[in-house]
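Remarks on the structure that follows.
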Amino acid sequence: MKTLTQVPLGTQVLFGPAVKRRRRLERLVFSIFSRWKYEEIIPPIFDYYDVFSRGMGAELEEALYRFVDREGNLLALRPEFTSLVAKTVATRLQDRPKPLRLCYCGDVLRYEAPRGGRQRESFQLGIENIGGERIACDAEVIQVAMESLQRVGIDRFQFNLGEMGFFAGLVERFGLSAQDLSGIRRLIDLKDPVGLQAEVERLRLSPRQREVLHALLHLTGNAETIDDARRLVSNEKSLSALDNLAGLYSELRRRKLADHLTIDLSEVRGLDYYTGIIFKIYVPGLGFEVGSGGRYDNLLKNFGCDLPSVGFTFFLERLMALPLKLR
Amino acid sequence: MSNTKQSEEILSVALSKGRLQHATLELLRRAGVDLDPSEAGSRKLVFRDRSGRFQFFMVKPVDVPTYVEYGVADLGVAGWDVLLESEADVHQPLDLGIGRCVMAVAGPRSTARKNYRELSAVRIATKYPRITTDHFTRQGVPVEIIYLSGSVELAPRLGLSERIVDLVATGRTLADNGLEVIEPICEVSARLIVNRAGYQVKRRAVSDLIQGLAETAPRR
Numbered sequence: 001m002k003t004l005t006q007v008p009l010g011t012q013v014l015f016g017p018a019v020k021r022r023r024r025l026e027r028l029v030f031s032i033f034s035r036w037k038y039e040e041i042i043p044p045i046f047d048y049y050d051v052f053s054r055g056m057g058a059e060l061e062e063a064l065y066r067f068v069d070r071e072g073n074l075l076a077l078r079p080e081f082t083s084l085v086a087k088t089v090a091t092r093l094q095d096r097p098k099p100l101r102l103c104y105c106g107d108v109l110r111y112e113a114p115r116g117g118r119q120r121e122s123f124q125l126g127i128e129n130i131g132g133e134r135i136a137c138d139a140e141v142i143q144v145a146m147e148s149l150q151r152v153g154i155d156r157f158q159f160n161l162g163e164m165g166f167f168a169g170l171v172e173r174f175g176l177s178a179q180d181l182s183g184i185r186r187l188i189d190l191k192d193p194v195g196l197q198a199e200v201e202r203l204r205l206s207p208r209q210r211e212v213l214h215a216l217l218h219l220t221g222n223a224e225t226i227d228d229a230r231r232l233v234s235n236e237k238s239l240s241a242l243d244n245l246a247g248l249y250s251e252l253r254r255r256k257l258a259d260h261l262t263i264d265l266s267e268v269r270g271l272d273y274y275t276g277i278i279f280k281i282y283v284p285g286l287g288f289e290v291g292s293g294g295r296y297d298n299l300l301k302n303f304g305c306d307l308p309s310v311g312f313t314f315f316l317e318r319l320m321a322l323p324l325k326l327r
Numbered sequence: 001m002s003n004t005k006q007s008e009e010i011l012s013v014a015l016s017k018g019r020l021q022h023a024t025l026e027l028l029r030r031a032g033v034d035l036d037p038s039e040a041g042s043r044k045l046v047f048r049d050r051s052g053r054f055q056f057f058m059v060k061p062v063d064v065p066t067y068v069e070y071g072v073a074d075l076g077v078a079g080w081d082v083l084l085e086s087e088a089d090v091h092q093p094l095d096l097g098i099g100r101c102v103m104a105v106a107g108p109r110s111t112a113r114k115n116y117r118e119l120s121a122v123r124i125a126t127k128y129p130r131i132t133t134d135h136f137t138r139q140g141v142p143v144e145i146i147y148l149s150g151s152v153e154l155a156p157r158l159g160l161s162e163r164i165v166d167l168v169a170t171g172r173t174l175a176d177n178g179l180e181v182i183e184p185i186c187e188v189s190a191r192l193i194v195n196r197a198g199y200q201v202k203r204r205a206v207s208d209l210i211q212g213l214a215e216t217a218p219r220r
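Protein sequence lines, in the order shown, are assigned to chains A and B.
For the first sequence, position 17 matches number 17 in our numbering, and the numbering has no gaps at all.
For the second sequence, position 82 matches number 82 in our numbering, and the numbering has no gaps at all.
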């Protein structure tokens, strides 16, 4: 029997200076969002399970808090905002001029062991840019993220930039089952050459295919990485992913933001709905990424409206763990 | 989490005390890390190399993945057994090839001849509940885990369980207790692990160390 004074694992309460700090952080980041004309949206805390489960990937799908209402509908608490923003735009705001610029701040719930500064209930703060031009909007979203960090006093940060299409094109012709593919993806994510070797042997991949996968583990660095990657592949999908990445890189260089970039094609972990560029944000002094984002061109199709989109989110608890300047 | 301090200049490395300690220090030396023998290998728990590029700390093997996941250490050396057992979300870019042994199901000779797949459920005493559960459930065999934190080989003798899952190096401890290997589960050796953010932010220093260790690590 639980007593009333116990707390359920994964909840948190803020009070005193922590609240002030947190509200100030939100305000400062929002001031950057609104300077870029991002309009706040407050979506519901729950929706139908299917709204979230599509395109989420098995790992996060397991972490959904789900429940049944009295009519027997399967519902879930929101584990992220992007699906809800996408649904709202697709069903109600589709006629607005593009790109639509929306931002949000609020709690998300995931049934996972509390770790890495995140409880089961945690806070996210982010933007979605919907229906605009590809490279210009990708660059804008990254610029907004960088300016937000600078606004709260974080000047040293690193954005790791990848492209989902590169890996997708690479393995397309391997003829692997979804399960085997996710195994390979996991090993690349762990940067584990030993496990990868055992797996490619088990799957009887050709020597050329093995070589490409092992090379992928090290495909990270400056702009030259894109050229290295080009020498590795011949399929159209991967090559167009690299063109896309190169285009974005030069656009960011034009905006004088390239110093903060690392090209990382070995980055293959992300929500399943990402289709193009993805990025993770690292700050020296913290063992976890403080934010992540990417392009999700197919997500709105689920809700009956075909618009390309890109966005990012900050993990607020992790930002709060940094020495910030909140004036 | 608020104290996860990583300074950019210095790489901090968590090392496992005990079984892997000696071989790890030896490997680091061969990889060009200039360790002072009066510090490394002494009872000091925290020490630097002579160049000051590295800070090392010796911790309990099971804690290494935790220090690395949270970024208190940029890198760590931990046994594959420990890594499999922990849920730590870290990169694992190198098999160091030291501390080789086998994770195995073992039991007394009489038990070894019986096929456990024909039992309705298997009872196993072990320090490795996750590895054990995974091994048996993957074969469709229900398993009851009896968690012990040490001297697992005594369990069959004392009647706690007929079988155990444990690390086997030479097999002598098993033999001394009248046990033998029933089936191997996986090979185990020490791995280099790296914090996800540290891997990105301190890329050059981390790759240099990986490179150095890769060149000297014993091959399979």
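By construction, the Cβ of each residue, glycine as well, lies at the ideal position given by its N, Cα and C atoms.
Alpha-carbon spacing of residue i relative to residue j, whole angstroms
i	j	result
residue 103 of chain A	residue 227 of chain A	35 Å
residue 170 of chain B	residue 101 of chain B	8 Å
residue 188 of chain A	residue 127 of chain B	29 Å
residue 113 of chain A	residue 298 of chain A	30 Å
residue 94 of chain B	residue 136 of chain A	39 Å
residue 234 of chain B	residue 20 of chain B	Outside the modelled stretch of chain B, which goes from 1 to 220, sits residue 234 of chain B, for which no answer is possible.
residue 202 of chain A	residue 215 of chain A	19 Å
residue 129 of chain A	residue 71 of chain B	33 Å
residue 237 of chain A	residue 138 of chain A	19 Å
residue 181 of chain A	residue 177 of chain B	44 Å
residue 211 of chain A	residue 300 of chain A	36 Å
residue 167 of chain A	residue 4 of chain A	50 Å
residue 62 of chain B	residue 86 of chain B	8 Å
residue 191 of chain B	residue 92 of chain B	7 Å
residue 176 of chain A	residue 199 of chain A	12 Å
residue 154 of chain A	residue 283 of chain A	8 Å
DSSP three-state assignment for residue i, whether helix, strand or coil
i	result
residue 305 of chain A	coil
residue 182 of chain B	strand
residue 286 of chain A	coil
residue 218 of chain A	coil
residue 62 of chain B	helix
residue 12 of chain A	coil
residue 160 of chain A	strand
residue 81 of chain A	coil
residue 56 of chain A	coil
residue 14 of chain B	strand
residue 228 of chain A	helix
residue 244 of chain A	helix
residue 338 of chain A	The requested residue 338 of chain A does not occur in the structure, where chain A is confined to residues 1 to 327.
residue 103 of chain B	strand
residue 313 of chain A	strand
residue 67 of chain B	helix
Residue closest to residue i, alpha-carbon to alpha-carbon, out of the options
i	options	result
residue 179 of chain B	B/29, B/51 and B/113	B/113
residue 53 of chain B	B/133, B/196 and B/74	B/74
residue 139 of chain B	B/159, B/125 and B/116	B/116
residue 148 of chain B	B/172, B/134 and B/123	B/123
residue 275 of chain A	A/190, A/307, A/253 and A/250	A/307
residue 291 of chain A	A/127, A/132, A/194 and A/192	A/127
residue 207 of chain B	A/49, A/191 and A/32	A/191
residue 105 of chain B	B/213, B/143, B/43 and B/203	B/143
residue 209 of chain B	B/23, B/27 and B/184	B/27
residue 50 of chain A	A/27, A/33, A/79 and A/35	A/79
residue 215 of chain B	B/31, B/16 and B/23	B/31
residue 133 of chain A	A/11, A/254 and A/247	A/247
Beta-carbon gap between residue i and residue j smaller than 8 Å
i	j	result
residue 118 of chain A	residue 315 of chain A	yes
residue 164 of chain A	residue 257 of chain A	no
residue 196 of chain A	residue 174 of chain A	no
residue 75 of chain A	residue 67 of chain A	yes
residue 277 of chain A	residue 221 of chain A	no
residue 13 of chain B	residue 47 of chain B	no
residue 43 of chain A	residue 85 of chain A	yes
residue 25 of chain A	residue 152 of chain A	yes
residue 111 of chain A	residue 58 of chain A	no
residue 148 of chain A	residue 29 of chain A	yes
residue 343 of chain A	residue 217 of chain A	Any property of residue 343 of chain A remains undetermined from this structure, which presents chain A solely from 1 to 327.
residue 193 of chain B	residue 108 of chain B	no
Closer than 7 Å: residue i CB and nearest the ligand FMN heavy atom
i	result
residue 213 of chain B	No copy of the ligand FMN occurs in the structure displayed, which carries no ligand at all.
Contacting residues, own chain, Cβ-Cβ under 7 Å from residue i (five flanking each side not counted)
i	result
residue 218 of chain B	97 and 98
residue 219 of chain A	225, 228, 229, 265 and 266
Beta carbon proximity, residue i to chain C, threshold 8 Å
i	result
residue 108 of chain B	Of the chains in the structure shown, none is chain C; the protein chains are A and B.
6 Å CB neighbourhood of residue i in its chain, flanking five on each side removed
i	result
residue 310 of chain A	129, 137, 138, 141 and 295
residue 105 of chain A	26 and 125
Cβ-based neighbour list, residue i, same chain, cut-off 8 Å, excluding 5 preceding and 5 following
i	result
residue 50 of chain B	34, 35 and 36
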